[in-house]
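In full-length UniProt numbering, the protein residues as written are 1 to 144. Beneath this line is the structure, given in structure tokens, with notes to follow.
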Amino acid sequence: MALTARWLRTGVVENGKPTPVKQGITKRVSPGFFDLIIIDEGHHAPADTWQRTLGYFAKAKKVFITGTPFRGDKQEVPGKLIHETPLSEVMRDRYVKWLRKETVNAHELYFTLADQPGVRLSKDEVLALKDKEWLTILPSSHCG
């Protein structure tokens, strides 16, 4: 468990994806390992992979952060709203770029990856990528 020892030394673990329980961080640590979990892109929390992972760490306090408070599938984003900033304000203060509406009628949908120029991926191929695990360690000194 050398990786877990490094996590204990750093004090902060950053996991870029809610990988399935059988493949992810839950295989490396006990359910009581974390006392606080901060979930960026919190609007994804209703997804099955997030639910399994967050359920495993049921006793940890959780903070969900999102700039997308409503899901297209109408599932509710978990938690209690504690802060809200209007889009016009964050655009004015340049936290986000200006938005413009442009209608595109695409007959073909595909995705590309920066590290694979010229390769077109289907929606199903992109969704299959979500099962890959990206896990990094961020030393506490980098967190301010």
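Idealized CB from N, CA, C, for every residue including glycine.
Terminal residues of the alpha helix (DSSP H) in which D124 lies: As a working note, residue 124 is residue 124 in the sequence shown. Under the DSSP assignment, D124 falls in the alpha helix (DSSP H) whose first and last residues are 123–129.
Residues that DSSP places opposite K61 in a beta bridge: Taking the sequence shown and counting its residues from 1, the one referred to as residue 61 is at position 61. Beta-bridge pairing links K61 to L36.
Cα-Cα separation, L108 to E102: By one-based count along the sequence shown, residue 108 stands at place 108. By one-based count along the sequence shown, residue 102 stands at place 102. Here residue 108 turns out to be Glu, not Leu, going by the sequence shown. Each residue's alpha carbon lies about 17 Å from the other.
Local Cβ density within 10 Å of V13, reported as buried at 16 or more and exposed below that: Within the sequence shown, residue 13 is the residue found at index 13, counting from 1. Buried: at least 16 other Cβ atoms inside 10 Å.
Whole-angstrom C-beta distance between F34 and A60, which should lie under 8 Å: Within the sequence shown, residue 60 is the residue found at index 60, counting from 1. Within the sequence shown, residue 34 is the residue found at index 34, counting from 1. Cβ-Cβ separation between A60 and F34: approximately 4 Å, consistent with a contact (criterion under 8 Å).
Exposure label - A45; buried when at least 16 CB within 10 Å: Against the sequence shown, residue 45 aligns to sequence position 45. When all chains shown are included, A45 counts as buried.
Residue environment, I39, which counts as buried when at least 16 other CB atoms sit within 10 Å: The residue you call residue 39 lines up with position 39 of the sequence shown. Counting other Cβ atoms within 10 Å of its Cβ, I39 reaches 16 or more and is therefore classed as buried.
Backbone CA spacing between K80 and K74 [nearest angstrom]: Walking along the sequence shown from the start, residue 80 turns up at place 80. Walking along the sequence shown from the start, residue 74 turns up at place 74. Taking the straight line joining both Cα atoms gives about 17 Å.
For K62 and T112, the rounded distance between their alpha carbons: The count along the sequence shown starts at 1 and reaches residue 112 at position 112. The count along the sequence shown starts at 1 and reaches residue 62 at position 62. One C-alpha to the other measures close to 33 Å.
Residues bridged to F111 (per DSSP): As a first step, residue 111 is located in the sequence shown; it is residue number 111 there, counting from the start. Its beta-bridge partners are L121.
Rounded Cβ spacing between H43 and V77 (contact assumed at less than 8 Å): Position 43 of the sequence shown, counted from the start, is the residue given in the question as residue 43. Position 77 of the sequence shown, counted from the start, is the residue given in the question as residue 77. 5 Å between Cβ atoms; contact.
Distance, A128 Cα to S122 Cα: Residue numbering aside, residue 122 sits at position 122 when the sequence shown is read from its first letter. Residue numbering aside, residue 128 sits at position 128 when the sequence shown is read from its first letter. Distance between the alpha carbons of S122 and A128 is about 10 Å.
Start-to-end residues for the alpha helix (DSSP H) that takes in Y95: The residue labelled residue 95 in the question sits at position 95 within the sequence shown. Bounds of any alpha helix (DSSP H) do not take in Y95, whose DSSP letter is neither H nor E.
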